[in-house]
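So the structure is just underneath, and the comments pick up after that.
Numbering (this note's numbering), first residue to last: 285 to 686.
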């Protein structure tokens with residue numbers, strides 16, 4: 285599935301119409317969640333039942349009827365995705381909270397399927413044909429969507445971000461693999477001092493995007509509370525604050541994507557740590573730094589480019605990889621503050637490099653087993669006005685049906 289994103293250029297009333305469509309999507313999703321909660325226990329609510337409920341909402345509310353029928357179904361599919369995830373967590377007896385579906389209050393997108401829109405045959409323009417009065421808008425971007433068959437476009441999504449509105453196309457095409465530039469083997473030990481240390485002794489610097497922008501972000505946040513509630517100046521201050529966070533998010537995506545691509549292109553085997561990041565961020569002293577380094581995002585791109593370059597990626601258990609000597613296998617106890625590994629066998633090296641070698645050895649042992657590789661088949665593209673896409677990660681969150 286190829287995802288192309290364009291910035292939308294339109295008039296102010298068109299932006300307001302997009303906002304109305306987004307609010308309608310949120311309304312339908314929340315009503316579907318309420319319908320599931322209030323349903324009797326003996327009645328089985330499934331995806332089909334929620335789709336039928338969207339039809340009932342269209343008859344009851346005029347503003348829902350104005351939205352395309354398939355867009356209404358896409359909204360109920362979002363509700364079912366949350367419900368199904370909750371059922372799966374309960375069935376698998378997942379520890380902690382099971383993710384009971386919540387009512388949404390900050391929806392920022394509306395999805396159309398194969399109807400409710402039409403592309404201009406020659407120009408980069410799209411017309412939304414439902415009764416929300418969005419009409420025809422321009423698409424700013426360098427990719428030519430007309431080169432793909434219209435039948436291959438499975439979803440069209442309008443997204444509101446801090447710096448404007450975007451239109452995303454999910455195109456169902458086969459993503460071509462690319463030849464690797466090398467056949468090396470690499471073990472990666474991620475950390476906070478360095479972004480990662482590999483088994484060859486290389487240390488990739490931690491960019492710390494949030495830390496560098498934190499002063500400006502905090503200043504922008506303080507400006508919000510100096511403005512009177514309900515006034516236009518307060519809205520503008522909030523927008524400036526949101527843009528700074530959006531910039532940090534895009535920097536993280538770009539950095540993780542470029543590093544993961546280079547690693548997979550140069551190696552036939554990549555072993556990395558199977559970290560429980562969700563549990564690690566419970567440490568309030570390190571939570572901000574862990575979120576800033578974006579380990580989960582890096583793993584996501586590793587698994588994606590592994591499929592693109594036919595690279596084997598293996599997630600290994602990181603237990604004792606820092607304590608075990610990579611030379612003789614002895615256990616050398618050391619605290620987190622000890623950054624040098626020294627063993628009685630004479631092996632002395634940087635702590636993270638020793639761990640990366642152990643991770644690589646574990647990856648080689650598990651190579652014949654089940655490698656952790658990406659099977660989503662999502663691809664990204666580079667856009668005008670935006671460095672690299674972040675929507676692929678969001679696609680799996682907002683619409684797991686893609």
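Glycine included, every Cβ here is placed at the ideal spot set by N, Cα and C.
A straight line joining the alpha-carbon of residue 503 with that of residue 523 spans about 13 Å. Listed as beta-bridge partners of residue 419 by DSSP are 412. Among the bridge pairs identified by DSSP, residue 490 is matched with none. Taken in chain order, the whole beta strand (DSSP E) runs of length 3 or more contained in the segment 427-486 are 437-445, 448-455, 468-474, 478-482. In this structure, DSSP gives residue 350 a state outside helix and strand, which the three-state scheme calls coil. If you keep only unbroken beta strand (DSSP E) runs of at least 3 residues inside the segment 286-340, you get 286-293.
For residue 584, there is no enclosing beta strand (DSSP E); the enclosing alpha helix (DSSP H) has its first and last residue at 579-592.
With the rule of 3 Cβ pairs closer than 8 Å, the segment 556-568 does not count as touching the segment 434-443. With 16 or more other Cβ atoms from the protein chains shown falling within 10 Å of its own Cβ, residue 551 counts as buried. Residue 298 counts as buried, since at least 16 other C-beta atoms from the protein chains shown sit within 10 angstroms of its C-beta. Note: residue 395 is bridge-paired with 441 in the DSSP secondary-structure output. When beta bridges are read from the DSSP output, residue 615 appears opposite 608. Annotation for residue 535: the continuous alpha helix (DSSP H) segment containing it runs 516-550. Looking at the backbone, the Cα of residue 619 and that of residue 492 are separated by about 24 Å. Taking a C-beta distance under 7 Å as the contact criterion, residue 605 and residue 643 qualify as a contact pair. The shortest C-alpha to C-alpha distance from residue 590 to any of 463, 559, 516, 480 is the one to 463. By the 16-neighbour rule on beta-carbons within 10 angstroms, residue 433 is exposed.
With a threshold of 16 other beta carbon atoms within 10 Å, residue 302 meets it and is buried. Closest option to residue 455, judged by alpha-carbon separation, among 650, 626, 627, 285: 285. Counting C-beta atoms within 10 angstroms of its own C-beta, residue 528 has 16 or more neighbours from the protein chains shown and is therefore classed as buried. Assignment of beta-bridge partners to residue 556 by DSSP yields 599. Taking a contact to require three or more Cβ pairs closer than 8 Å, the segment 506-517 and the segment 626-643 do not qualify as touching. Cβ contact annotation for residue 607 (same chain, cutoff 7 Å, sequence separation greater than five): 615, 616, 617, 618, in chain order. The C-beta distance from residue 646 to residue 585 rounds to 22 Å, too long to meet the 8 Å contact threshold.
Just so you know, the alpha carbons of residue 394 and residue 422 end up roughly 17 Å apart.
With a 10 Å radius around the Cβ and a threshold of 16 neighbouring Cβ atoms, residue 330 comes out exposed.
Note on geometry: alpha-carbon atoms of residue 466 and residue 525 lie some 43 Å from one another. Remark: C-beta atoms of residue 316 and residue 416 do not approach each other more closely than 7 Å. Taking the Cα of residue 448 as reference, the smallest distance to any Cα among 355, 373, 520, 320 is reached at 520. Counting only residues of its own chain and dropping the five nearest sequence neighbours on each side, residue 627 has a CB closer than 8 Å to the CB of 609, 611, 612, 614, 616. Residue burial is scored here from C-beta neighbours: residue 371 has fewer than 16 other C-beta atoms within 10 angstroms and is therefore classed as exposed. Counting only runs that start and end inside the segment 613-649, the beta strand (DSSP E) elements of at least 3 residues fall at 624-626, 632-634. Around the CB of residue 557, 16 or more other CB atoms lie within 10 Å, so the residue is classed as buried. Per DSSP, residue 403 is one residue of the beta strand (DSSP E) stretching across 401-403.
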